[in-house]
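To start, the structure itself, in structure tokens.
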């Protein structure tokens, strides 16, 4: 693949990501012209790279390739055998292609020396755009759209918040505090506010766990600088105290109403749905399949709140096996990152963990972009470089390899 081909494909990908951040949404109820244009740019950027057999094929690519074949053959066939709604089948297949994002775009970015940093900035751009678009209607700057866009639910909003905090931590840890550090800190408030106001319990718990870990690391290795980080944290809490108080009340109220959203009961309901015969247990009910979900009052819905149970419903034990093997491979790449840059590793861990086990955001392009970012980041680690995202300082424990 020549450099010119890589350049124009990367340009198409960046255009698609920018349009997605400014105009798109993770799971639109009524896809229209905007989604069609973004999709066209994504197709141009992919350019059938999955069939580029001259490139190096990591094991995770093989798993995704097998999943692609299984998803477009057996799961499509089951969809028609079970007479599933064609509109839901199409939505599921599009979401399936989003999950395969690393397969389509890894080579485009891995072979372009400057592409990774541009891609990192593009993901942060999407996260900030989604956060701003989620906040503006609340403060009366423009009328909220009729449909729910779920912008604050995006894994990229959580990744953006944690990544920007990681940059601040990196600067303080390495005595590289500049005006840019203050600007990044101020920018990180935007995704935090979006998640707070939308009462996102799991992402907010992830934020506080990550910040607590960062403080513990700094207190152990750099105790004097930890005091600076702690002061910034306390100042932020004081500034946002009225909002935080209201949000804590909303979180407690939501938890008292819905608890943990009946995730275990949902899994049991999926087993009941596919347990009609050995055939459906093994191969699932196909794309577009729905089930009686206890988490939404017994309504029939075509999604689950976990990537694993979602593939169990649609693809049976074989689909669950394929996605489980892939998740283990992603976890291994995350361990590489966390061994060298633990704080940034946490920034990638939670946007992966939450859609896999807790939220239905695994059906969005955002989740596929997070997976792609993890594989690219791990590749940089394999090459012996501690990538310095958006900053000139790296964060590694003293016994790390950075």
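In my numbering, the protein residues as written are 34 to 435. A virtual CB, placed ideally from N, CA and C, is assigned to each residue, including glycine. Given the structure is predicted, the values throughout are model-derived calculations rather than measurements.
If the five residues before and after residue 298 are omitted, its C-beta is found closer than 8 Å to the C-beta atoms of 327, 328, all from its own chain and listed in chain order.
Beyond the five residues adjoining it in sequence on each side, residue 93 comes within less than 6 Å, by CB distance, of 362 in the same chain, given in chain order. Pairing residue 389 with residue 199 gives a Cβ-Cβ distance that is not under 7 Å. Spanning the alpha carbons of residue 171 and residue 415 requires a straight line of approximately 44 Å. 7 Å or more divides the Cβ of residue 364 from the Cβ of residue 317. Residue 134 and residue 367 do not touch by the CB rule: their CB atoms are close to 17 Å apart, not below 8 Å. Residue 393: not part of any alpha helix (DSSP H); DSSP gives it neither H nor E. Put simply, the backbone Cα of residue 250 is about 15 Å away from that of residue 240. Residue range 212-230 is occupied by the alpha helix (DSSP H) that includes residue 227. Inter-residue distance for residue 258 and residue 252 is about 8 Å (C-alpha atoms, whole angstroms).
With a cutoff of 7 Å on beta-carbon distance, residue 227 and residue 168 are scored as near each other.
For the pair of segments examined, the region 392-411 was found to touch the region 136-144: the number of CB pairs separated by less than 8 Å reaches three.
Note that the C-beta distance between residue 262 and residue 205 is below 7 Å. Distances from the CA of residue 219 to each of 191, 151, 201, 207 were compared; the closest alpha carbon is that of 201. Taking residue 129 as the centre and dropping the five residues before and after it, the same chain places the C-beta of 104 closer than 7 Å to its C-beta, in chain order. Secondary structure note for residue 332: its beta strand (DSSP E) is the uninterrupted segment 332-334.
A direct Cα-Cα distance of roughly 43 Å separates residue 142 from residue 330. Exposure of residue 102 is indicated by the presence of fewer than 16 other C-beta atoms within 10 angstroms of its C-beta.
The Cβ atoms of residue 185 and residue 125 lie no closer than 7 Å to each other. In the DSSP assignment, residue 326 falls outside any alpha helix (DSSP H) and lies within the beta strand (DSSP E) extending over 324-326.
Between the alpha carbons of residue 196 and residue 255 lies a gap of roughly 20 Å. In the three-state scheme derived from DSSP, where H, G and I count as helix and E and B as strand, residue 156 is classed as helix.
Counted as a single uninterrupted DSSP element, the alpha helix (DSSP H) harbouring residue 243 occupies residues 234-254. In the three-state reduction of the DSSP assignment, residue 91 falls in the coil class, being assigned neither a helical nor a strand state. DSSP, read as helix, strand or coil, puts residue 206 in helix.
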